[in-house]
Each structure stands twice: as structure tokens, then as C-alpha cells.
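Top line first, the protein sequences correspond to chains B and G. For the first sequence, the positions run 1 to 219 when my numbering is used. For the second sequence, the positions run 1 to 219 when my numbering is used. We treat Cβ as the ideally placed atom computed from N, Cα and C, and that holds for glycine. Quick caveat: nothing in here was measured; it's all calculated off a predicted structure. Contents: one structure, followed by commentary.
Number of protein chains: 2
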Amino acid sequence: MKDFVPVLKRAKLFAGVGDEDITSMLSCLGAKLRTYEKGEYVLREGERLSDILVLAEGSLHIQRDDYWGNRSILGRIEVGEIFGEAYVAPESGMLLNDVIAVEDSSIFFFDVKRVITTCSSACRFHTMVVQNLFFAISEKNRSLVQKLGHISKRTTREKLISYLSEEAKKQNSSYITIPFNRQQLADYLSVDRSAMSNELCKMRNEGLLEFEKNRFKLR
Amino acid sequence: MKDFVPVLKRAKLFAGVGDEDITSMLSCLGAKLRTYEKGEYVLREGERLSDILVLAEGSLHIQRDDYWGNRSILGRIEVGEIFGEAYVAPESGMLLNDVIAVEDSSIFFFDVKRVITTCSSACRFHTMVVQNLFFAISEKNRSLVQKLGHISKRTTREKLISYLSEEAKKQNSSYITIPFNRQQLADYLSVDRSAMSNELCKMRNEGLLEFEKNRFKLR
DNA sequence: ACGGTTCGGTTGTATTTACAACAGATTGGT
DNA sequence: ACCAATCTGTTGTAAATACAACCGAACCGT
């Protein structure tokens, strides 16, 4: 089995936990590793979840297809990120989204009971892990709010400006690379791809921005 | 000072904490109570926050006005609910929304450091409070995702159906009362009020639903 | 009873969008 | 090098939306 300790060391769930402790925590927390191929479903809407997941390798999309087949991408998960944590609370119902691997991926599963319940053994880090969990979900919360900020704009152009200018702020540059292709960006912003493509070109003609593939330059 | 212990007893933050312990925790956690008049701002976009807030009385709106003055309502806070918890993480930046009192309201402030840091004294409940905090933010997370589900629908009608049918599911009835007036509902769904009003009447004419003020009946 | 304010509904118009269909470019596999 | 699949841009049309303006009803305090 591939050694993912260096990855977990940098994962938010284990922030503040020493290298040597991670290995012991893996068994203490009952960690399981699973691998997925590109395009494979990791979680499906309607399932129930009792594990907190940490992406060790690859990347994932959180998405949802509605009754009419419109797909909306709610977010993207990169290596080291936690997910599923919003659905392990006792009263939480079923999953509201699919999670799908956009590349070949490896994922750690941690049983939430063992994460949250402080054990009497050597693991001195449960409190810290629960705090990390809280901070991680806080961050996800904020990014959901930001996404809501983009989507609640009225026109496609405003949505694009809102999204791109925030990316520029995040990446601290007017040259930005986005993690989506056109269809995915359209799904993320909940607009029609061709209409969005059209709007992007109009904005380019007006000199608002330049782009090539998924790299953009704002003015 | 009004006795809010019965309210706090039912608040999610203190679930599982005995009545008599709440009083002692209030001082241990350094709780402060503030009152706000209807229409007054509780928090403003751009501020930094180091307290977790619990609404003891009244009701609040989380909202945001964009550059062009379009208001979007991100959610509503009722008595006993926690808020602000997503912005107290160490790396979290400034608030992304305003919080405004829609009625005269009373709010408890808890310094996050004292909530999260386990103290050595009599408070045996810090662990439980941190867990409650985690479950509360999980729930908020899920409701954000649900709202995203509504807003990411393409047409006003689909947004309305998505929102109303979910309310019906929540309230477990086809007769539902919504906590918004027309303008607020339009802000919540990020659509134009008059267009939405128009669409609602069309749907009524088509026999999809009936309504009077903020009470709806679905078919 | 009065005037002011808020709220919900209606209408018309200009703008914006979704949708479908297609074409060229790029990518990936064999 | 080739074919197939995917990605991106383009166009036209029908549908949906925002916006502004207005009206009547309900509600408020004085």
C-alpha cells in the first residue's frame, strides 16, 4: 500500500498532529483506504454516510443532476481536503449530492464515531481533530456563501465577473487559471454553456478580459 | 435582566447540557447579552468576528447587498439558532454578509476562544459544546446546499417549485406558511419581485397552487 | 377620518437567456 | 497518422427575465 502519511500530514484534518502520531491515529480512527477510477461515483445522492472522507490522491467534483438533467457543480475537492463531514451529524438525512472522481483518486474513510468520541488510549489528538473538523467545515461554509454570491447575480456577465474577480483575489493576480473547462464553469455558475461562451467572447471583444482555454487575464 | 436560561436550554449549542450547568457556563464562557431594535444591523460585511452568537429573542436575516444594490437574502435565523460560527476560525477573513434584525432581538455573544479551549474548572461540557457547534454548522452547511439547489434552477417557476416543495416536505403538509413576504422571497430566490409575483399568479391560474399572503397550498 | 407607507398584483418593453444545431479545433487512443 | 470523441465558439429563434411604472388594498399612527 502506497504511503500517504506525507499527504495526511498536510491534510487539514490532522493540522497540528505530529508525523509519528498520524500513523498511530490511522489505526485508532479505523481508517480505510479506497481507490476510484476517473468518472466513478464516490458517493451518490440519497445515500447515508457515517464516515468522514479525506482525499489522498486525485480530485473530485461535488455535483447534482436535477430532474430535467441539468447538472450543477457545487464544488471541487483537492488532495488533502475533507468532505462528507456535513452529513455525519446524527440528525442529518441523506446525501444531497453526488461526488464523482474527475481523475483516478484515493480516499481515506474515517468512522465519525471514532473521530468524535474521545478514546481513552494513547490518542491525545481527538480534541484537536474535532476542532480541525470544525474549522474545515467553517471554511466550506464560507465557500458555499461565496458561491451563492456568484450565482445570485442576475446576468451571466455579472456571474462571470463575480467569479473571475474573486479568483483573481484568491490567486492574487490578474492572470488566473481556473479549475474548470467551459461546461464545468457553466455548471458551476448555473448557466447555459453556449450562452456563457458567447458572453465571454463579447467581454473579450469589449476588452474586459483575455483568455485562452482555462487561463484568463482580467483588466 | 430577563431570564433567557429556558431559551438557551433549548438552543442547539447547549444540547445535552443540564439546566443548572447552563447558568454556570454562561459566566465560564464569558457570555454577553446585547439587544437590537428592528432594522438594526447586528453584523456588517467586512467586519471581523471573534464571537459565536446565539439568538435569544426575535429573528434575523443574513443578507448581502451587491455593488448595484440588489439585495439577496441568504437565510433567516430564529430563536435558539447559532450564527457567526463560520467566521471565527483563525484563518477566516472578514464577514461576507450583513446580519440585520427583522424584529426587536436579543443576542448572546460567546468568545470563541473560551468556547473552544477546554478549561480546567468545573465545565465538563466544552467537548459537548464543540460537538454541538460542529453539528450546528453541519446543518447550516446542508441548508446552504439546499438553497443552492433552489437558486441554481434556471427559471423562476422552477425556483419557486423547488423552494415550495421543499418547504412542504419540511412542514410535512401541502398547506405551508413561508417566513418571507414577496420581496423577501424574491431576494431569497434571487429573482425580480414583480416577475415572481407574475409567475406565481400564472401558476395559480394553471391550478398548480393557491395562496394568500404568505400561506400556500400546493397540489 | 385622514394621509402616508407598505405590500402585492398587473402590464409593456427592452434585454437576456436557454436551447438547438452546427463547425472548427483539440485531444486521446490505437 | 488516423479516427473518434471532446471541447469551444457561433448563430438564430423562442422563451423568460428584469425593469419601470402604475394601481388598489391593507395597515399604520395621529
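Classification of residue i by the beta-carbon crowding that lies within 10 angstroms, buried from 16 upward
i, result
"Asn172 of chain G", "exposed"
"Ala186 of chain G", "buried"
"Met196 of chain G", "buried"
"Glu81 of chain B", "buried"
"Asn181 of chain B", "exposed"
"Asp51 of chain G", "buried"
"Lys202 of chain G", "exposed"
"Glu91 of chain B", "exposed"
"Gly207 of chain G", "exposed"
"Ser190 of chain G", "buried"
"Ser105 of chain B", "buried"
"Tyr188 of chain B", "buried"
"Gly75 of chain G", "buried"
"Met94 of chain G", "exposed"
"Lys153 of chain B", "buried"
"Gly149 of chain G", "buried"
"Arg64 of chain G", "buried"
"Gly84 of chain B", "buried"
"Lys147 of chain B", "buried"
Residue i versus residue j: straight-line alpha-carbon distance, rounded
i, j, result
"Glu139 of chain B", "Arg204 of chain G", "41 Å"
"Phe135 of chain G", "Ala89 of chain B", "6 Å"
"Cys28 of chain B", "Gly18 of chain B", "15 Å"
"Lys32 of chain B", "Ile73 of chain B", "27 Å"
"Ser121 of chain G", "Lys113 of chain G", "Below a pLDDT of 50, predicted positions are generally treated as unreliable, and Ser121 of chain G, at 48, falls in that range; no measurement from the model is reported."
"Leu53 of chain B", "Asn198 of chain G", "45 Å"
"Ser222 of chain G", "Leu13 of chain G", "Past the edges of chain G, shown from 1 to 219, lies residue 222 of chain G, and the structure says nothing about it."
"Thr35 of chain G", "Ile107 of chain G", "6 Å"
"Ile176 of chain B", "Thr177 of chain G", "45 Å"
"Glu166 of chain B", "Ser174 of chain B", "10 Å"
"Leu164 of chain G", "Glu37 of chain G", "30 Å"
"Leu43 of chain B", "Phe4 of chain G", "42 Å"
"Gly155 of chain B", "Thr156 of chain G", "For clarity, residue 155 of chain B is Thr in the given sequence; the question names Gly instead. Rounded to the nearest angstrom, the two C-alpha atoms are 14 Å apart."
"Leu96 of chain B", "Val102 of chain B", "19 Å"
"Ile22 of chain B", "Leu49 of chain B", "23 Å"
"His126 of chain B", "Gly16 of chain B", "11 Å"
"His61 of chain G", "Glu45 of chain B", "29 Å"
"Gln131 of chain G", "Leu144 of chain G", "20 Å"
"Asn214 of chain B", "Ala168 of chain B", "13 Å"
"Glu57 of chain G", "Leu8 of chain B", "43 Å"
"Ile137 of chain B", "Glu78 of chain B", "15 Å"
"Ile151 of chain B", "Glu20 of chain G", "46 Å"
"Arg10 of chain B", "Phe211 of chain G", "54 Å"
"Glu47 of chain G", "Asn141 of chain B", "17 Å"
"Asp111 of chain B", "Asp111 of chain G", "30 Å"
Candidates the options: closest to residue i by CA position
i, options, result
"Gly39 of chain B", "B:Ser165, B:Asp98, B:Thr117, B:Gly75", "B:Asp98"
"Arg193 of chain G", "G:Lys170, G:Leu218, G:Arg219, G:Lys159", "G:Lys159"
"Leu133 of chain B", "B:Ala86, B:Asp65, B:Asp21", "B:Ala86"
"Ile100 of chain G", "G:Thr117, G:Glu166, G:Arg142, G:Leu55", "G:Leu55"
"Gly30 of chain B", "B:Arg219, B:Phe83, B:Ile116", "B:Ile116"
"Ser162 of chain B", "B:Leu218, B:Glu210, B:Gly46, B:Glu57", "B:Leu218"
"Phe109 of chain G", "G:Asn214, G:Lys213, G:Met25", "G:Met25"
"Arg71 of chain B", "B:Gln183, B:Asn214, B:Phe216, B:Glu210", "B:Gln183"
"Pro179 of chain G", "G:Leu209, G:Phe216, G:Ile151", "G:Phe216"
Checklist entry - Taking the runs of the beta strand (DSSP E) that are 3 residues or longer, which of them lie wholly in the stretch 65 to 129 of chain B? => result Every beta strand (DSSP E) stretch that sits fully inside the stretch 65 to 129 of chain B and reaches 3 residues is listed by chain position as 71 to 77, 98 to 101, 105 to 111.
Checklist entry - Which full runs of the beta strand (DSSP E) of 3+ residues lie inside the stretch 12 to 71 of chain G, going along the chain? => result 32 to 36, 41 to 43, 51 to 57, 60 to 65, all fully within the stretch 12 to 71 of chain G.
Checklist entry - At which residue ranges does the stretch 151 to 176 of chain B contain complete beta strand (DSSP E) runs of 3 or more residues, listed in the order of the chain? => result For the stretch 151 to 176 of chain B, not a single whole beta strand (DSSP E) run of length 3 or above is found.
Next on the checklist: Which complete beta strand (DSSP E) runs does the stretch 182 to 216 of chain B hold, if anything under 3 residues is left out?
Outcome noted: Runs found: 209 to 212.
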